[in-house]
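Engineer: Below: one structure in structure tokens.
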Amino acid sequence: MHVYRDIAKTSLLSMMLFLSLISFSFSSSSDMAYAEKNTVKGPPDTWEGHPPIHVKREAAASPTGITPAQIRYAYGFEKLTCSYTGTFGSSNLCGYGQTIAIVDAYDDPNAQKDLTTFSTKFGLPACTNLNGCFTKVMSNGPTKSDHGWALEESLDVQWAHAIAPGAKIILVESKSANFPDLMNAVDYAVGKGANQVSMSWGGSEFSSELSYDSHFNKNNISFFASSGDSGNGTMYPAVSPYVIAVGGTTLNVDNLGNVSSETGWSGSGGGTSIYEAEQPYQINYGILSDNKRAIPDVSYDGDPSTGVPVYDSLGYQGTKGWFQVGGTSAGAPQWAALSAIVNSQRPSPMSSISYGTNTLVYGGATGINYPSDFRDIVSGSNGGFVAGTGYDLVTGVGSPLSNGLVSYMLTH
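Heads up: the sequence shown at position 36 corresponds to 36 in the working numbering, and the numbers run straight through without jumps.
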């Protein structure tokens, strides 16, 4: 995630480290649950998340950026039959009966309080621990708060709720941003019964990554990860063939949400994997990538200059309030929310097992389905690749036209 502000670009060192793409979340200490501690062996513990944040301006008293209503209109959510108003627990709310797990690092003690501020501002149903909508857990014991990660958590939680207000949200906070702790948090989310897991973080690929792909090969669960905010290049876990990798666009809309243009964002992570093999869903789609997994799969608004409002009262860089935020981490939780809308109406949830969810996504981008299910992004560059007709290494198959895509996923 990026909070847009002309700060010095992330150093090469921090880009090589295991990074988290900014997202914001809220919760009070009374909402915490402490999960049983696990251990997972992985890459060096020195690979820690460092959110590459860009803030457009210091925190403001009023929100700026593209609003939930505009985003929903731009991506076709407003054409769905489910509702965005009402009381949590109502069966007509988008995402009803589903659970979205948000996996991030460190604690945001104000996550629930800030979610309430966001929901009130934009007319969304209340989402609290008391009404059963919001839960926060620490996956392997108590952890400290971190201002950068808290902003990331706020982004993830608030915007998952903006797209699927009928879904329960579990914010799973890992003890640290190192790989073993984050993977423990992913496993915990799976164990809590979430049908969709959002991961707004990632890091450099590593030679043993294939041995961790099984964490994402699960029945009745779909995984969504940010593709990266540093332009061309690949990251894990986005590059896992069982994960939907979400790239970024620059989205321009009018006051209602009509799209005047959508182009590939310069920061959108994309490329071909060093270690992961190309799978049938990309082979059959005709993607030429030297038999290697290509990312991203899909895209979403990610440019901080066309970013979204997020409320954070813990404070970021000495200020509190409304931030305008961007990054591919904004897209991952919203794609997870789209999944929740689909699963709320399916006889059985979509599954990452045997590449099921990925296959559905590429099916929706095939033949006569393509123009009704996706907006093909045909211009823009991430510094190494250029967006063009069909699949590309900047925006994947494009951004969702949810009214068409949801219908396709319900019937296939």
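A virtual CB, placed ideally from N, CA and C, is assigned to each residue, including glycine.
Please report the distance separating the alpha-carbon of Lys192 from that of Val137.
Structural biologist: Between Lys192 and Val137, the C-alpha separation is close to 10 Å.
Engineer: Between the Cα of Lys113 and the Cα atoms of Pro142, Ser83, Ala150, which residue gives the shortest distance?
Structural biologist: With distances taken between Cα atoms, Lys113 lies closest to Ala150.
Engineer: Extract the residue ranges of the beta strand (DSSP E) inside the region 160-244, only unbroken runs of 3 or more that lie entirely within it.
Structural biologist: Complete beta strand (DSSP E) runs here, min 3: 168-174, 196-199, 222-226.
Engineer: Taking DSSP's pairing of strands, which residues face Pro309 in a bridge?
Structural biologist: Its beta-bridge partners are Gln324.
Engineer: Could you compute how far the alpha carbon of Asn255 sits from the alpha carbon of Pro63?
Structural biologist: So the two alpha carbons sit approximately 14 Å from each other.
Engineer: Hey, Glu276 and Asn291: beta-carbon distance below 8 Å or not?
Structural biologist: Cβ distance not < 8 Å, so Glu276 and Asn291 don't count as in contact.
Engineer: Which residue wins for smallest C-alpha separation from Tyr75, given the options Thr411, Met409, Gly327, Leu405?
Structural biologist: For the residues Thr411, Met409, Gly327, Leu405, the minimum Cα distance to Tyr75 belongs to Leu405.
Engineer: Taking the C-alpha atoms as reference points, what is the distance between Ala35 and Val172?
Structural biologist: Residue confidence for Ala35 is low, a pLDDT of 38 falling below 50, so the modelled location carries little weight; the figure read from the coordinates is stated next. Approximately 9 Å between the Cα atoms of the pair.
Engineer: Taking Met409 as part of the alpha helix (DSSP H), name the residues at either end of that continuous run.
Structural biologist: First-last of the alpha helix (DSSP H) with Met409: 402-410.
Engineer: Restricting to Cα atoms, I'd like to know which of Asp213, Cys94, Tyr281 is closest to Ala365.
Structural biologist: Here the closest residue by C-alpha is Tyr281.
Engineer: Please classify Gly61 as buried or exposed, where buried requires at least 16 neighbouring CB atoms within 10 angstroms.
Structural biologist: Looking at the sequence provided, one finds Ala at residue 61 rather than Gly. Counting Cβ neighbours within 10 Å, Ala61 comes out exposed, since fewer than 16 surround it.
Engineer: What residue from Asp104, Asn220, Gly166 has the CA that sits closest to Asn131's CA?
Structural biologist: Measuring from the Cα of Asn131, the nearest candidate turns out to be Gly166.
Engineer: Using C-beta distances below 7 Å, list every residue in its chain close to Ser30, excluding the 5 sequence neighbours before and after it, in chain order.
Structural biologist: Low confidence applies to Ser30: its pLDDT is 33, below 50, so where it sits in the model is not reliable enough to give any reading.
Engineer: Out of curiosity, what's the CA-to-CA distance linking Ala105 and Gly203?
Structural biologist: Their Cα atoms are separated by approximately 14 Å.
Engineer: Below 7 Å CB to CB, which residues in the same chain sit around Lys121 once its five sequence neighbours on both sides are set aside?
Structural biologist: Closer than 7 Å at the Cβ level, and outside the excluded window around Lys121, lie Pro63.
Engineer: Would you call the region 257-268 and the region 386-400 touching, i.e. three or more CB-CB distances under 8 Å?
Structural biologist: Short answer: they touch.
Engineer: Express the C-alpha separation of Asn129 and Pro400 in angstroms, rounding to a whole number.
Structural biologist: Answer to the nearest angstrom: the Cα atoms are 31 Å apart.
Engineer: Note down the Cα distance separating Ser176 from Asn369, rounded to an integer number of angstroms.
Structural biologist: Roughly 42 Å separates the two Cα atoms.
Engineer: Using C-beta distances below 6 Å, list every residue in its chain close to Tyr285, excluding the 5 sequence neighbours before and after it, in chain order.
Structural biologist: The answer, listed in chain order, is Tyr362.
Engineer: Which residues mark the beginning and the end of the alpha helix (DSSP H) in which Ala332 is found?
Structural biologist: Run containing Ala332: 331-343, per the alpha helix (DSSP H) assignment.
Engineer: With a Cβ-Cβ cutoff of 8 Å, do Gln98 and Ser348 count as a contact?
Structural biologist: Result no, Cβ atoms of Gln98 and Ser348 do not sit closer than 8 Å.
Engineer: Which residues does DSSP pair with Val103 in a beta bridge?
Structural biologist: DSSP output for Val103 lists Val172, Met199 as bridge partner(s).
Engineer: Which runs of the alpha helix (DSSP H) at least 4 residues long sit entirely within the region 351-396? Give them in chain order.
Structural biologist: You should have 356-364, 370-373.
Engineer: Exposed or buried, which one is Leu338 when buried takes at least 16 other CB atoms within 10 Å?
Structural biologist: Answer is buried; the Cβ neighbour count reaches 16.
Engineer: Nearest by alpha-carbon distance to Ser83: which of Ile71, Thr116, Pro125 is it?
Structural biologist: Nearest option by C-alpha distance: Pro125.
Engineer: Per DSSP, Lys292 is paired with what?
Structural biologist: Paired residue(s): Ala277.
Engineer: Closest by CA to Ser372, which one among Ala194, Ser402, Asn358, Gly380?
Structural biologist: The shortest C-alpha separation from Ser372 is found at Ser402.
Engineer: Among Phe179, Ser174, Trp201, which has the Cα closest to the Cα of Ala189?
Structural biologist: Looking at the Cα atoms, Ser174 is the closest of the given residues.
Engineer: Taking DSSP's pairing of strands, which residues face Asn252 in a bridge?
Structural biologist: DSSP lists Ser261 as partners of Asn252.
Engineer: Check this for me: beta carbons of Val246 and Ser227, under 8 Å apart or not?
Structural biologist: Yes; because the gap between Cβ atoms is below 8 Å, this pair is in contact.
Engineer: Do the CB positions of Ala336 and Phe216 come within less than 8 Å of each other?
Structural biologist: No, the pair does not count as a contact, with Cβ atoms beyond the cut-off.
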